[in-house]
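Each remark here refers to the structure printed beneath this line.
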Amino acid sequence: MLVVGGGPLGAGLARDLSIRGLDVTLATPGPLVTSRVGRMGGLLASGAQFACEDPEYARRCLAERRTLSEIAGHCVEDTGGLVVGEALDELQAACERCSITAERLDGATAREREPGLAATVEGALAVPDAAIDPHLLTVATARDAREYGADIHTRARVTDIEVVDGTVETATLSHDPAPTEPDHTDEASHARVRPDDGQGMGLSGSNMDGLNRSEETPTPTTEELDVDYIVNAAGREAPAVADRAGCSVPVPPRQVTTLVAGGRPVEMAVTRPADSDTTPDTAVPVGQHTLLATEGPPDEADGVAPSSVDAARDSLSTLVDGAQPLRAFGMHRDHLDVGEGRDFGVLDHDSQGCWGLLTVFGGTVTTHRRVAERVCDKVCGEFGIRRACQTDELLVPGSEDVPDLAQAVGTFGLAESVYEHSKRRLGGQANAVLHTEGENPVLCHTQSVTRTEVSAALDDSTGAAADLGGVRVRTSAATGDCQGGRCAHRLATQLYPTHDTDVVETACAALLEERWAGQRPVVDARSTELARTHRDHAATMNRDHQHNLGHEDIAAFDSGFGATTERPRCCPRVGWEP
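Residue numbers for the sequence shown follow our numbering, so the first one is 10 and each next one is one higher.
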């Protein structure tokens, strides 16, 4: 079985099929956890938001919320949730019919429970929503699939599917020989920003200041697989995968704009279902960040336009007060209307003369496990295989009930706050990762990420070699206020001496470019400081011995005059002048 696509759904499909005893290969054209996964919002929904319009779907959400809390507990934070909006009495009654606990609160009481709620909110329902880290969930799910025998290939693109007499026979994979390059098919190539000279950092077709890309691209290696069946869960690239077999996938897109705010302006998951006047909005605290997402019509081109960012800010400001975005991204949320319900769609390409290829779209981070179960039931049925799904019973790595050694040996020499953050991310693997005879300094101070965590992430076989982006998604390093500005070089040094200096420099530059691509659309008074940070990186680190720093026009950014900012908590830049 070949599963194409990463994220929770692709990893969930590989896990389910491998647990059932099938021979599975998972191939994803980018890293296992793309930036689109981070834009899923992090909401582990109780189903309360859908109780009126789709009671059955609401009940499924509630069941999956309970299941994921049991099998992937280290990825889940039981924050509780607030649903705001109109017709709350009607929604409360619908929740009761779906067995979803819902407590009616007036505006003042709601703000007592969640002080970050906007002053314009007049009432809310308290519901059993939670927050889930989609990065940790995807990695843990893929690790479990690997433990049951699945082969995981990241940065492996399907370049050809051979169909003989209407049946899939082989698939050709092209393996990326340069995994340290930024994922240009995702964030970096689709971030659209204010007009300037077209050469700014983070813009399509440009490099960061001072970085001289090699003109020679290594030739990718290819691999031909004999396949019995292909499950196409490649998201936005699913139509291209289907096209390799001469098939088509009609997908009407919707765009979700996600803002990543530093800190936790809210401690509860806050949602506002769509109505006739508003779009669906969410604000969910995940780790040391808050993910704010709103849905709207797609932009004319890929990515997120400044107008979409402004519209998202306006909409979300009526939900949450005081959120300061660090980054902004747009994602096309695709759905196939083929009778599977609101959550997901399945297209069997046998109807197009190609047996052995199935495309699946949809599935949220809440329902991905159930979607995978339904799809795997269908695939197994094609071969007369009757093996029950067990993914709702088996724990993923990290959620095991392991004794906390810190109670006996202390916090492994770490500050208590650092240990608590590490333990949240690592779950049951904390003892094995944090225990070391040598020194274990903190490499990313804003996210409390230690050297042993970084080393464990680099050793993870579900990721690509020398990929600092993989370190980021597995540890949250470089995702704090500095966005890698104070820690990217520390992370890169962990690649040496296993990799030579050219690889180390390229990996560091790729991480900084990826971070900058998300910061660039957030155009406000902080942008001048962000631009100078990245320009100064090129000079300070002397990348490729280039000193031409004229690519980024600092004058094109807002001056910041009149803006109120807090004094930096640490490490103010020398020579910074507003």
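Positions of the beta carbon are idealized from the N, C-alpha and C atoms, including for glycine.
Note that the structure is a prediction, hence the values are computed from the model and not measured.
Distance check between L300 and each of A314, M277, P315 and T288 places M277 closest, using alpha-carbon atoms only. Beta-bridge pairing by DSSP links W364 to T176. Taking C-beta atoms as the reference points, T459 and L452 count as a pair closer than 8 Å.
Within the region 105-162, the runs of alpha helix (DSSP H) at least 4 residues long that lie entirely inside it are, in chain order, 116-122 and 143-156. Straight across, the Cα-Cα distance linking R120 with R483 is about 34 Å. The DSSP-derived three-state label of P334 is strand.
As computed with DSSP, G354 is found in a beta bridge with F370.
Secondary structure note for G90: its beta strand (DSSP E) is the uninterrupted segment G90 to V93. By the neighbour-count criterion, in which 16 or more other beta carbons inside 10 Å mark a residue as buried, R106 falls on the exposed side. Around the beta carbon of L504, a 10 Å sphere encloses 16 or more other beta carbons of the protein chains shown; the residue is thus reported as buried.
Counting of Cβ neighbours within 10 angstroms places E462 among the buried residues, the total reaching 16 or more.
Pairwise C-beta distances place the region 11-20 out of contact with the region 99-116, as fewer than three of them are shorter than 8 Å.
Bridge partners of R281 according to DSSP: D290. Only residues of its own chain outside the window of five on either side were considered, and among them P248, A251 and Q361 have a CB closer than 8 Å to the CB of S257, listed in chain order. When the beta-carbon positions are compared, T176 and E233 stay at least 8 Å from each other.
In the displayed model, S183 falls within a strand according to three-state DSSP.
For R166, the secondary structure class from DSSP, reduced to helix, strand or coil, is strand. Just measuring C-alpha positions, the residue of G437, T288 and G14 sitting nearest N241 is G14.
From the listed residues V236, T230, T288 and L335, the smallest Cα separation to A270 is found for L335. Shown here, T267 sits in a strand according to DSSP, grouped into three states. In the three-state reduction of the DSSP assignment, I394 falls in the coil class, being assigned neither a helical nor a strand state. Residue pairing from DSSP places N241 in a beta bridge opposite V13 and T368. Between the C-alpha atoms of P294 and N449 there is a straight-line separation of about 28 Å. The C-alpha of G422 lies about 50 Å from the C-alpha of L100. Following the DSSP letters along the chain, one finds E232 in no alpha helix (DSSP H) but inside the beta strand (DSSP E) bounded by residues T230 to D235. Secondary structure at A60: coil, using DSSP grouped into helix, strand and coil.
Of the residues assessed, P274 falls on the buried side of the cut-off, its CB having 16 or more other CB atoms within 10 angstroms. Per DSSP, reduced to three states, the secondary structure at H83 is helical. The beta carbon of A36 is closer than 7 Å to those of L11, V13, H162, A165, V167 and L182 in its chain, skipping five residues each way along the sequence. C517: member of the alpha helix (DSSP H) spanning T510 to Q528, first to last residue. Annotation: the continuous alpha helix (DSSP H) that includes L325 extends over P315 to S326. V92 is positioned such that its CB atom lies no closer than 8 Å to that of V130. Between the alpha carbons of S78 and K432 lies a gap of roughly 17 Å.
Sorting T507, V513, L52 and G493 by C-alpha distance to the C-alpha of E522 places G493 at the top.
Contact between I141 and G244 is absent: CB atoms are separated by about 19 Å, not below the 8 Å threshold. In this structure, A154 lies away from L41, with their beta-carbon atoms at least 8 Å apart.
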